[in-house]
Amino acid sequence: MTAIDKPVALVTGASSGIGLAIARRFAELGMQVVLVGRRQGALDAAASSLGAAALSLAADVTSPADLERLFAEVKARFGRLDVLVPNAGGGQHAPLGQITEAQFDQQFATNVKGVVFTVQMALPLMKPGASIVIVGSTASIDPGPTMSIYGATKAAVRNLVRSWVSDLKGSGIRINIVSPGPTNTASLRDAFGEHAEEGMAFLTAKSPIGRIGEPDEIAAVAAFLASDAASYVNGVELFADGGASQA
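Residue numbers are given in the UniProt record's numbering: position 49 of the sequence shown equals residue 49, and the series is strictly consecutive.
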């Protein structure tokens, strides 16, 4: 089987954490995986760890020009896209009264604008049977203190999908969201800054199953939603959080 014969999947924010775990799972399932991120060096290292099934292409999801160039390259190389995972995103902690314009703009640019234009520019490459799996967050319903802006971006994405399911009617393309709870990644620890240990302990104590998640566990859910096993699943937000958002 040549690369062009394989299902083609593209994952943004794929150089580390959940994005890399999803890319790895797709590669293990026999897909040709395109890893996308802003840092070419980190992307190259991530792709190298996945072997010949991976290709790294640098792009900033907040830039429509970058995305246009990215999908033109995907079209030239593969001619199509079977699975799209808009995963790039991030959050910053700030309580009401200390939220800055820069924090607001950055989070909405990456988490909302980036998703909108990633999906929109990928659509012409997607045919009936293709699948979009957006990586959301349990912050869409349970943001917690100091995470109001991040939570607002993830709630916005959930509502985008509610509308897009109707927009995609008749296309044969499914779109769903996997919303992780706290997951053991460097970005989660970085978000807590100097309070990382206290933050991780708080999240662990909140979990009904007594721990936070691992990136591979989120990847397994994303792979399910992207697969034919979920062929009748469309428009859902699937929480992968050990029940924490319900506790």
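The beta carbon of each residue, even a glycine, is placed where N, CA and C say it ideally should be.
Other residues of its chain near residue i: CB distance less than 8 Å, five sequence neighbours each side excluded
i	result
ALA147	The sequence as given places Met at residue 147; Ala does not occur at that position. GLY91, HIS93 and ALA139, listed in sequence order.
ALA109	THR62
LEU96	SER148
GLY114	THR12, VAL61, THR62, PRO86, ALA88 and GLY89
ILE99	SER148 and ILE149
Residue i classed as buried or exposed, judged by whether at least 16 other C-beta atoms fall within 10 angstroms
i	result
LYS127	exposed
GLY79	exposed
LEU188	buried
ALA9	buried
ASP82	buried
ALA76	exposed
GLY89	buried
GLY30	exposed
Pairwise C-alpha distance: residue j and residue i
i	j	result
ALA201	PRO86	29 Å
PRO145	PHE71	38 Å
ALA42	SER15	6 Å
ALA130	GLU194	42 Å
ASP190	GLU214	16 Å
VAL161	VAL178	12 Å
ILE173	ALA102	35 Å
ARG69	PRO7	21 Å
VAL165	VAL112	17 Å
GLU28	ALA226	14 Å
ILE149	ASP5	42 Å
GLY19	GLY199	22 Å
GLU73	ARG24	21 Å
VAL233	SER163	16 Å
GLY170	GLN40	37 Å
GLN246	GLY235	20 Å
PRO182	VAL119	25 Å
Same chain only: Cβ atoms within 6 Å of residue i, ignoring 5 sequence neighbours per side
i	result
ILE22	VAL11, VAL85, ALA219 and ALA222
LYS206	ALA244
ASP216	ALA21
SER56	LEU35, LEU43, ASP44 and ALA47
ARG158	SER140 and GLU237
PHE117	PRO64 and LEU67
GLN106	none
PHE26	ALA9 and VAL33
ASP228	none
PHE192	GLY199
PHE104	ILE149
Distance between beta carbons of residue j and residue i, contact taken as under 8 Å
i	j	result
VAL133	ASN176	6 Å
ALA209	LEU203	Residue 209 is actually Ile in this sequence, not Ala. Not really, about 12 Å apart at Cβ, beyond 8 Å.
ALA54	VAL33	5 Å
PRO180	ASP241	6 Å
GLY17	ALA196	That pair is no contact at about 15 Å.
PHE239	ALA230	Between ALA230 and PHE239 the Cβ distance is about 15 Å, and since that is not below 8 Å, they are no contact.
7 Å Cβ shell around residue i - same chain, five flanking residues per side excluded
i	result
ARG38	ALA58 and ASP60
LEU168	ILE175
Segment contact, 8 Å Cβ cut-off, at least three pairs: the segment 44-53 with the segment 111-128: no
Across the segment 154-163 and the segment 129-145, are there enough close Cβ pairs to call them in contact, namely three or more that are closer than 8 Å? yes
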